[in-house]
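If you're matching positions, the sequence shown starts at 870 in the numbering used here and goes up one per residue.
C-beta: ideal position from N, C-alpha, C; glycine also.
Step one of this worksheet: look at the structure below.
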Amino acid sequence: MTAPLLLVAHGSRDPRSAATVRRLAAVVGERAPGLVVRVAFLDLSEPSVPDALAELHGQGHRSVIVVPLLLGSAYHARVDLPALIAEAHERCPGLAVTVSDVLGPDPVLQSLAALRAAEQLDADETAGVVLTGVGSSDAKANAAVAGIAAAWRGQGRFAHVTHAFATCRPSVESAVARLRTAGASRIVLAPWFLAPGLLLDRAAGEARRVADDVRVAAPLGAHPSVAEVVLARYTSPVPVAAAA
């Protein structure tokens, strides 16, 4: 029996987030006919990871591949998810769970985020792009976002590029102010987010307090490119955790 794929997202009180994850699961399923694809959430949304694994176990599956729909490897990936899988093992004896690496910062997703930003620009505009992540207490996770912004600057696709975070420094407000001072005629918020939600809305609000004409690009969402990365993690996993 082919191991099912369990997509694990953070979860949110905003229903748009879970809806996006479910749409992504549908896109993945369309690209991999016959593969059992399920979703679960670390917090705030249902089903939980233990409940989703228990359901698969109850259906006769004895191995599952988990792909975390996370854009950075920080506390959620290294602590929360392993703890939830350990809880599931207490309920599901004999269930083998392999956890792949997180999605980000995959180059395919970086290209998609840049494309989303470029879609918001007219050809004659001097672009200032703020690559905006959630933010983390993990310095390496934040540095990865800064690295993507630095790569975009090096590519010269946009006139001005900086990065910011919704929950820590540098703030979105300060980033937008810097780009406006640098001469950007159009500022675009480029979300390093999988799905819409409260944090992205808050970041957009902060940006518009500085420049009310800021445009907000779409998050990565249920785009086929995201599904491509998910399936790459599933079919050629580099496990960060495995247990039985």
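Taking just the CA atoms, how far does residue j sit from residue i?
i, j, result
"Gly1090", "Thr889", "6 Å"
"Ala1033", "Val1041", "5 Å"
"Asp883", "Gly1066", "5 Å"
"Pro916", "Thr967", "19 Å"
"Ala872", "Val906", "10 Å"
"Ala1035", "Pro902", "37 Å"
"Pro974", "Leu913", "24 Å"
"His1029", "Asp920", "45 Å"
"Tyr1103", "Ser1043", "39 Å"
"Ala946", "Pro937", "7 Å"
"Ala1111", "Leu940", "Here Ala1111 scores only 47 on pLDDT, less than 50, and its place in the model is too uncertain to base an answer on."
"Glu994", "Ala955", "52 Å"
"Glu959", "Thr1031", "45 Å"
"Ala957", "Leu925", "11 Å"
"Asp970", "Ala1046", "35 Å"
"Ala1010", "Val1085", "23 Å"
"His879", "Gln989", "27 Å"
"Ala1018", "Val998", "9 Å"
"Gly1023", "Asp991", "21 Å"
"Ala996", "Ala1076", "15 Å"
"Leu874", "Gly1052", "47 Å"
"Arg931", "Ala1020", "42 Å"
"Leu911", "Ala1073", "25 Å"
"Leu953", "Arg1071", "29 Å"
"Ala1008", "Ala986", "25 Å"
"Val825", "Ser1054", "Outside the modelled stretch of the chain, which goes from 870 to 1113, sits residue 825, for which no answer is possible."
"Gly1016", "Gly1025", "14 Å"
Whose C-alpha, out of the options, is nearest the C-alpha of residue i?
i, options, result
"Leu984", "Leu1069, Pro1060 and Arg907", "Pro1060"
"Ala887", "Arg1071, Trp1021, Leu1063 and Arg1038", "Leu1063"
"Pro1088", "Val1079, Gly1002 and Gly1074", "Gly1002"
"Arg885", "Leu1068, Gly963, Ser1094 and Arg931", "Leu1068"
"Ser980", "Leu1100, Ser1094, Ser1105 and Ala1101", "Ser1094"
"Gly1004", "Leu874, Leu911, Ala895 and Tyr944", "Tyr944"
"Pro962", "Ala1008, Ser1006 and Gly927", "Gly927"
"Leu904", "Met870, His1092 and Arg891", "Met870"
"Leu1000", "Ser881, Glu899, Arg891 and Leu1058", "Leu1058"
How far does the alpha helix (DSSP H) with residue i in it reach, from first residue to last?
i, result
"Leu922", "Val918 to Gly927"
Between which two residues does the beta strand (DSSP E) holding residue i run?
i, result
"Ser886", "Not the beta strand (DSSP E): Ser886 falls in the alpha helix (DSSP H), residues Pro884 to Arg900."
"Phe1027", "No beta strand (DSSP E) contains Phe1027, which DSSP labels as neither H nor E."
"Ala909", "Val906 to Phe910"
"Ala878", "Leu874 to Ala878"
Report back the beta-carbon spacing between residue i and residue j to the nearest angstrom; my notes put them in contact at under 8 Å.
i, j, result
"Ala909", "Val918", "5 Å"
"Leu922", "Val933", "6 Å"
"Val977", "Val877", "So it is not a contact: roughly 19 Å between Cβ atoms."
"Arg1049", "Val1079", "7 Å"
"Ile1056", "Val1083", "5 Å"
"Ala1101", "Leu893", "The pair is not a contact, with the Cβ atoms about 14 Å apart (cut-off 8 Å)."
Using beta carbons (cut-off 7 Å, strictly below), is residue i in contact with chain B?
i, result
"Val1003", "Here chain B cannot be found, since the structure has a single protein chain."
*Quick one: which unbroken alpha helix (DSSP H) runs of 4-plus residues sit fully inside the segment 923 to 1009? Chain order, please.*
Inside the segment 923 to 1009, DSSP marks whole alpha helix (DSSP H) runs of 4 or more residues at positions 950 to 960 and 976 to 987, from first to last along the chain.
*Let me know the alpha helix (DSSP H) ranges lying completely inside the segment 1039 to 1108, each 4 residues or longer, listed in chain order.*
For the segment 1039 to 1108, whole alpha helix (DSSP H) runs of length 4 or above, ordered along the chain, are 1041 to 1051, 1067 to 1079 and 1093 to 1104.
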